[in-house]
C-alpha cells in the first residue's frame, strides 16, 4: 500500500515549512485527515489570507496590513531615532521591550558577497533619504552579530559619516543569565572590550 | 505594536495541528510571510485537496481516494484473514512490514465508557457480516495494548466465540532492542506470561 497521492502532495507542501522535515510533514499530513473539516478549511484560508493581506510598510519595510505600519503611523513615535534591522521579524523583540519610542527601518537583508546581495539590493538609499528628510538624530544599527551583519553595519556607518546623525551599534557581550563557563571566546572578547565603569 | 490580524488568525489555525503549541504556531505563521508565494498557495490547496479527496474505504474503513482501497481491491490479498485495528493510521505499520497478505478492518475507535463510545459507534456489525460473507478463518485483533483496546479486543472475541473463526491477539512483550532495566513491570509481566519454548 503506497501513500495516497493527496497525502504525498500535502506532505511535500508541509515539508517546505522551515524546520519541518519529511517525517514530521508526513505526520502533519495524516493528522489533517483526522482533524475537524472546519479547522482544515480555516487553516487553508488563513494561509492565503496572510499572503494576500500582509505587505511591507511603505515607510519602514515592516510587515503591515495597510500602506503604513502601526509604528510609522503613530504620531507619538519619535521619527528622529531609527533602529535599523535586516528583516521585518527583527522588529518584534524590540517592540516587546515596550520601552523604545523611536521608529524602525528594515534593510531587507545583509550585504553578502556569497549570496550576491549588494548595496542596491538593500533599502539603504531609502534610509539615507529618511535621515535627511526627518533630520534623524540617531541610527541604532541592529543587524545580527555575524560577519555579514557587521559588514552591513560598518557600510552604513561609513556612508553616513559626514552627515549630522549619530550612528550607534547595539552592544555585544554575555547574555543575561548566561554562564562564563559556557561562553564562546569571541563573545567573551567582545564582552571585555565593551566593559563599562560601574 | 500588536500582531497583525491575519497572522493571529493563521497562528490560531496552525495551533489546531496536533503537537503544535502557540509559540510554534506563531513561528510557523511568520515563516509563511517569508516563504515563496507558490509554496504557500500549494500548501493551502493541498490541505483542501486532502479533505476533499480522501475518504474511508467502503469495505474496510481505511483511508483511500477511491471507493475501495488498494488492499481490498487487490485480488491477491487473502480475504479470509483480517487484522482488526482501531484507526486507519494503524494499518500503515503492518503494511510497512511487507509480509502480511491478508486484509484489514478499521473499527473507528475503541469501546470507552469515559468517552461515551459504545458498540454501535464502532464498525463491529460490518466486521461480523464480513466474517460470515467471506468465511474468514482468522481475525487478528490489533487494538492498542491499553485498557480500552483490551476491552474492545475481548468484546469482539466474545461475540464471535461461537463462529468458526480463529480470533487472536497480537503479542505483548519487550520491544526489540529494549532493555530489561528500563521495562515497566506490566510489560515484563506480559512478556513472562507470553514466554515460548526455544
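Residue numbers (our numbering), protein chains in the order written: chain A, 1 to 198; chain B, 1001 to 1198.
Using N, Cα and C, we set each Cβ at its ideal position, and we do this for glycine too.
Predicted model, so just to flag it, every value in this text is computed and none were measured.
Exercise. Would a C-beta distance cut-off of 7 Å place residue 1044 of chain B and residue 189 of chain A closer than the cut-off?
Worked result: no
Exercise. So which residues on chain A does residue 1065 of chain B lean against when the C-beta distance must stay under 7 Å?
Worked result: 4, 5, 6
Exercise. What are the boundary residues of the alpha helix (DSSP H) that includes residue 1008 of chain B?
Worked result: 1005-1014
Exercise. Does residue 123 of chain A come within less than 7 Å of chain B when only Cβ atoms are used?
Worked result: no
Problem set entry | chain A residues whose Cβ lies nearer than 9 Å to that of residue 1028 of chain B | 17, 18, 19, 20
Exercise. Can you find a CB in chain B that lies within less than 7 Å of the CB of residue 39 of chain A?
Worked result: yes
Exercise. Which residues in chain A sit within 9 Å of residue 1042 of chain B, going by Cβ to Cβ distance?
Worked result: 9, 12, 13, 16
For this session: List the DSSP bridge partners of residue 103 of chain A.
Result: A:82
Problem set entry | Where residue 1168 of chain B sits in the DSSP three-state scheme | strand
For this session: Look up residue 64 of chain A in the DSSP assignment and give the residues it is bridged to.
Result: A:55
Exercise. Could one say the Cβ of residue 1133 of chain B lies closer than 7 Å to chain A's Cβ atoms, at least one of them?
Worked result: no
Exercise. In chain A, which residues lie less than 7 Å from residue 1156 of chain B when you measure between Cβ atoms?
Worked result: Under the 7 Å cutoff, chain A gives no residues; its nearest Cβ is about 23 Å from residue 1156 of chain B.
Exercise. If you drop the 5 nearest sequence neighbours on each side, which residues of the same chain put their C-beta closer than 6 Å to that of residue 11 of chain A?
Worked result: 25, 26, 29
Problem set entry | Beta-carbon separation (whole angstroms), residue 77 of chain A vs residue 103 of chain A, contact threshold 8 Å | 5 Å
Exercise. Per the contact definition of three or more C-beta pairs closer than 8 Å, is the region 57-67 of chain A in contact with the region 1063-1078 of chain B?
Worked result: no
For this session: Examine the Cβ distances between the region 1133-1153 of chain B and the region 1074-1091 of chain B and report whether three or more of them are shorter than 8 Å.
Result: yes
Exercise. Can you tell me the Cα-Cα spacing of residue 21 of chain A and residue 1021 of chain B, whole angstroms?
Worked result: 18 Å
For this session: Report yes or no: is there a C-beta of chain B within less than 7 Å of the C-beta of residue 110 of chain A?
Result: no
Exercise. According to the Cβ coordinates, are residue 148 of chain A and residue 112 of chain A closer than 7 Å?
Worked result: yes
For this session: Kindly confirm or deny that the region 157-166 of chain A and the region 119-137 of chain A touch, where touching means at least three C-beta pairs closer than 8 Å.
Result: yes
For this session: Determine the chain A residues that contact residue 1089 of chain B at a beta-carbon separation under 7 Å, and present them in chain order.
Result: 30
Problem set entry | Whole-angstrom distance between residue 1090 of chain B and residue 1101 of chain B, CA atom to CA atom | 16 Å
For this session: Buried or exposed for residue 6 of chain A, please, with buried defined as at least 16 other CB atoms from any protein chain shown within 10 angstroms of its CB.
Result: buried
Exercise. Roughly how many angstroms separate the alpha carbons of residue 230 of chain A and residue 1035 of chain B, rounded to a whole number?
Worked result: Within the shown structure, residues of chain A are numbered from 1 to 198, placing residue 230 of chain A beyond reach of any answer.
Exercise. Quick one: is residue 105 of chain A buried, meaning 16 or more other Cβ sit within 10 Å of its Cβ, or exposed?
Worked result: buried
Problem set entry | Exposure of residue 1009 of chain B, with buried meaning 16 or more beta-carbon neighbours within 10 Å | buried
Exercise. Considering only the beta carbon of each residue, do residue 124 of chain A and residue 1050 of chain B sit closer than 7 Å?
Worked result: no
Exercise. Which of helix, strand or coil does DSSP assign to residue 1129 of chain B?
Worked result: helix
For this session: Inspect the CB distances between the region 1149-1158 of chain B and the region 1174-1184 of chain B and report whether three or more fall short of 8 Å.
Result: no
Exercise. Rounded C-beta distance between residue 173 of chain A and residue 108 of chain A? I'm assuming under 8 Å.
Worked result: About 28 Å; that fails the 8 Å criterion.
Exercise. Who are the neighbours of residue 1053 of chain B on chain A, taking C-beta pairs under 9 Å?
Worked result: 4, 5, 6
Exercise. So, is the C-beta of residue 48 of chain A closer than 7 Å to a C-beta in chain B?
Worked result: yes
For this session: For my contact list, residue 16 of chain A and residue 1039 of chain B are in at a C-beta cut-off of 8 Å; report their separation, rounded to the angstrom.
Result: 5 Å
Exercise. Looking at C-alpha atoms only, which residue of B:1054, B:1037, B:1122, B:1058 is the closest neighbour of residue 3 of chain A?
Worked result: B:1054
Exercise. Using the beta-carbon of each residue, which ones in chain A are nearer than 8 Å to residue 1107 of chain B?
Worked result: Those within 8 Å of residue 1107 of chain B in chain A number zero; the least Cβ separation is about 15 Å.
For this session: Could you pull out every residue in the same chain whose Cβ sits closer than 7 Å to the Cβ of residue 1194 of chain B, ignoring the five residues on either side in sequence?
Result: 1171, 1172, 1173
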